[in-house]
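Novice:
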Amino acid sequence: NRQVTYSKRRNGILKKAKEISVLCDAQVSLVIFSSSGKMQEFCSPSTTLVEILDKYHKQSGKKLWDAKHENLSNELDRIKQENDSMQIELRHLKGEDITSLQPKELMAIEEALESGLESIRHKQSEIHRMMKKNENMMEEENKQLNCLLHQQEMENGYNRRVNDYQPQMPFTFRVQPIQPNLHDR
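Start counting the sequence shown at 1; every next residue gets the next number (UniProt numbering).
(1) Count the C-beta pairs between the region 17-31 and the region 40-50 that are closer than 8 Å, then say yes if the count reaches three, no if not.
(2) Among all the DSSP beta bridges, which residues are the ones paired with GLU41?
(3) Is GLU140 helix, strand or coil when you go by DSSP?
(4) Quick one: what does DSSP say ASN1 is sitting in, helix, strand or coil?
(5) In or out: SER21 buried (at least 16 other Cβ within 10 Å) or exposed?
(6) Looking at GLN40 and ARG10, is the spacing between their C-beta atoms short of 9 Å?
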């Protein structure tokens, strides 16, 4: 029942706020919180809630924000300015919007670009050295593996040859140095 009453009264006061804004060309801002915490707001089309609150603060002299919020707002403004400045600097570094710059500013940009280019070349050189070092290590490892493979092939080939002759020769003859006919010849 209270919710129905709240809903009707809220709609009525929002309607009146819109009417006074349009009919009287007044700057109106209205914020309503229900008992459940749900917010409803209205602000004249020609303004924002922040602008109206700033006007209220200036007219009444009452502080709407505590020092912590004020500091956060100032910090936010500072960060926005810094971001804008960095965006402009980035455009300058890309070669955009440089017609209005003074020679001193252009020289600073040139130095920054040269320094960046030097850093990039140094990094490329470092990467190239690492790649060459890795290539040499891989070549050396490849040589060692080829050598091991060759040794294994030689051993396997020798064993295969020995195994190939064993079935053909069931017994072997041994030469004894004592036999007289071997000494004569």
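Glycine is no exception: its CB is placed at the ideal position from the N, C-alpha and C atoms.
Note that the structure is a prediction, hence the values are computed from the model and not measured.
Specialist: In short, the structure shows the following:
(1) Note that the region 17-31 touches the region 40-50; at least 3 beta-carbon pairs, one per stretch, sit closer than 8 Å.
(2) Position 41 of the sequence shown, counted from the start, is the residue given in the question as residue 41. Checking the DSSP bridge columns, you'll see GLU41 partnered with VAL31.
(3) Taking the first residue of the sequence shown as position 1, residue 140 is located at position 140. DSSP places GLU140 within a helical segment (H, G or I) once states are collapsed to three.
(4) Residue numbering aside, residue 1 sits at position 1 when the sequence shown is read from its first letter. Coil.
(5) Reading the sequence shown from its first residue, position 21 is the one you call residue 21. Note on SER21: 16 or more other CB atoms within 10 angstroms of its CB, so buried under the neighbour-count rule.
(6) By 1-based counting over the sequence shown, the position of residue 10 is 10. By 1-based counting over the sequence shown, the position of residue 40 is 40. Yes, they are a contact pair.
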